[in-house]
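Novice:
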Amino acid sequence: MSAGMNNTAVKLAPSILAADFARLGEQVAEAERCGADRIHVDVMDGHFVPNISFGAVVVESLRPVTRLPLEVHLMITDPDAFFDEFATAGADSFLVHWEGNNNLHRTLQRVRALKKRVGVVINPATPAAVLEEVLQDVDLVLVMTVNPGFGHQHFLHTTLPKIRRVREMIERVKPGCELELDGGIDATTAPLGVAAGANVLVAGTSVFGDRKGVAAGMERLCAAIKQAGNPKTIGAQQCNSA
Ligand code: DX5
Ligand code: ZN
Numbered sequence: 230m231s232a233g234m235n236n237t238a239v240k241l242a243p244s245i246l247a248a249d250f251a252r253l254g255e256q257v258a259e260a261e262r263c264g265a266d267r268i269h270v271d272v273m274d275g276h277f278v279p280n281i282s283f284g285a286v287v288v289e290s291l292r293p294v295t296r297l298p299l300e301v302h303l304m305i306t307d308p309d310a311f312f313d314e315f316a317t318a319g320a321d322s323f324l325v326h327w328e329g330n331n332n333l334h335r336t337l338q339r340v341r342a343l344k345k346r347v348g349v350v351i352n353p354a355t356p357a358a359v360l361e362e363v364l365q366d367v368d369l370v371l372v373m374t375v376n377p378g379f380g381h382q383h384f385l386h387t388t389l390p391k392i393r394r395v396r397e398m399i400e401r402v403k404p405g406c407e408l409e410l411d412g413g414i415d416a417t418t419a420p421l422g423v424a425a426g427a428n429v430l431v432a433g434t435s436v437f438g439d440r441k442g443v444a445a446g447m448e449r450l451c452a453a454i455k456q457a458g459n460p461k462t463i464g465a466q467q468c469n470s471a
């Protein structure tokens, strides 16, 4: 049974890292039609993680294509230096890592000053306990369920007890704070994450990499979550009637 999340709709955040960049606008619009709640934008600099992706120009291009919030996951060494650029491009929220940030409180305040939502991210090897001092200052916590840097990796089942601990901490310290998972989320792992207490799921490969297309990927995920007893059905219905 999920830890206090039974009657809360689960939100889906398709990650464009797995999209076909030649058809990015089209694919994001399809994800929106199929009930996506926000679009997850993975920014990598080749330093913080061993991969590079793209910068604010992609956010700028997507802004007129979708009405969904664009959440920017910054896997970069100096996130503070890029907030303005991404905010101007149309970002709605920022996810910043606990790891490698000597002044996380200041970083969070900078995002707040821009009137954007902010979340803190912890890697698989980082304990839940580090969140204790920042929970009051964030709108969401993102628990990485793979090591950051690449899409299409296997969900780390060893993160499940930690997800439960984070849910307990949120209920105790800041009910209403979202708990998001990122990495290896598919029809099998999504129900496990939700049962552990997550209420937002990032999904790259299982949405944009589905062989039958974005609608089929969204539908499969929605069905799995619904089957597990959570009322995330709107997306699937929209897909069926599309
Ligand atoms: C990994 C990224 C994820 C990634 C998820 O570093 O933060 O958002 O795109 O991709 P999948 O769903 O394929 O694991
Ligand atoms: Zn991500």
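Counting in the working numbering, the sequence shown runs from 230 upward without gaps.
Cβ coordinates follow ideal geometry from the N, Cα and C atoms, glycine included.
This structure is a prediction, so every number in the text was calculated from the model and none was measured.
Would you say the beta carbon of D266 is closer than 6 Å to some non-hydrogen atom of ligand 2?
Specialist: No, the beta carbon of D266 sits no closer than 6 Å to any heavy atom of ligand 2.
Novice: So V372 and I351 are supposed to be a Cβ contact under 8 Å. How far apart are they, rounded?
Specialist: Contact flag correct, Cβ pair sits at about 6 Å.
Novice: To the nearest whole angstrom, what separates the beta carbons of V395 and L385, a pair I think is in contact under 8 Å?
Specialist: Their Cβ separation, rounded to whole angstroms, is 14 Å, which puts V395 and L385 out of contact at 8 Å.
Novice: If you measure from each residue's Cβ to the nearest non-hydrogen atom of ligand 2, which ones come out under 5 Å, in chain order?
Specialist: Here the list is D271, H302 and D411.
Novice: Using CA coordinates, which residue listed in D309, T355, A354 and T317 is at the minimum distance from H334?
Specialist: D309
Novice: Please report how far the alpha carbon of A452 lies from the alpha carbon of V325, in whole angstroms.
Specialist: 30 Å
Novice: What is the DSSP secondary structure of A465, reduced to helix, strand or coil?
Specialist: The pLDDT assigned to A465 is 49, lower than 50, so where the model puts this residue is not dependable; a value taken from the coordinates is nonetheless given after this. A465 falls in the helix class under three-state DSSP.
Novice: Let me confirm a value: V278 is counted as buried when at least 16 other C-beta atoms fall within 10 Å, else exposed. Which label applies?
Specialist: buried
Novice: What three-state label does DSSP hand A265 in the structure shown?
Specialist: A265 falls in the coil class under three-state DSSP.
Novice: Indicate whether G329 and V375 have their beta-carbon atoms separated by less than 7 Å.
Specialist: Cβ distance not < 7 Å, so G329 and V375 don't count as in contact.
Novice: On the criterion of 16 or more Cβ atoms from any shown chain inside 10 Å, does N331 qualify as buried, or is it exposed?
Specialist: exposed
Novice: Which two residues bound the contiguous alpha helix (DSSP H) that contains F323?
Specialist: First-last for F323: S322 to H326, but that is the beta strand (DSSP E), not the alpha helix (DSSP H).
Novice: Please return the same chain residues whose Cβ sits closer than 6 Å to the Cβ of D321, not counting the five positions on each side in sequence.
Specialist: P298 and L299
Novice: Give me the Cα-Cα distance between V423 and D411, rounded to the nearest whole angstrom.
Specialist: 12 Å
Novice: Any Cβ of chain C within less than 7 Å of the Cβ of M304?
Specialist: Note that chain C does not occur in the displayed structure, where there is just one protein chain.
Novice: Between E361 and V367, what straight-line distance do the alpha-carbon atoms span, to the nearest angstrom?
Specialist: Rounded to whole angstroms, E361 to V367 spans 11 Å at the Cα level.
Novice: What are the partner residues of H302, as DSSP defines its beta bridges?
Specialist: D271 and L324
Novice: Report all residues from its chain with a CB closer than 7 Å to the CB of F379; omit the five preceding and five following residues, and keep chain order.
Specialist: N280
Novice: Give every residue of the same chain whose Cβ lies closer than 8 Å to the Cβ of A416, excluding the five residues on either side of it in the sequence, and list them in chain order.
Specialist: S435, R449, L450, A452 and A453
Novice: In three-state DSSP terms, what is S244?
Specialist: Strand, per DSSP.
Novice: Do you know whose CA, among D274, V347, V286 and A316, lies nearest M304's CA?
Specialist: Comparing Cα-Cα distances from M304 to each of D274, V347, V286 and A316, the minimum goes to D274.
Novice: Could you please give the first and the last residue of the uninterrupted beta strand (DSSP E) stretch that includes G378?
Specialist: It is not in any beta strand (DSSP E) - G378 carries neither H nor E in the DSSP assignment.
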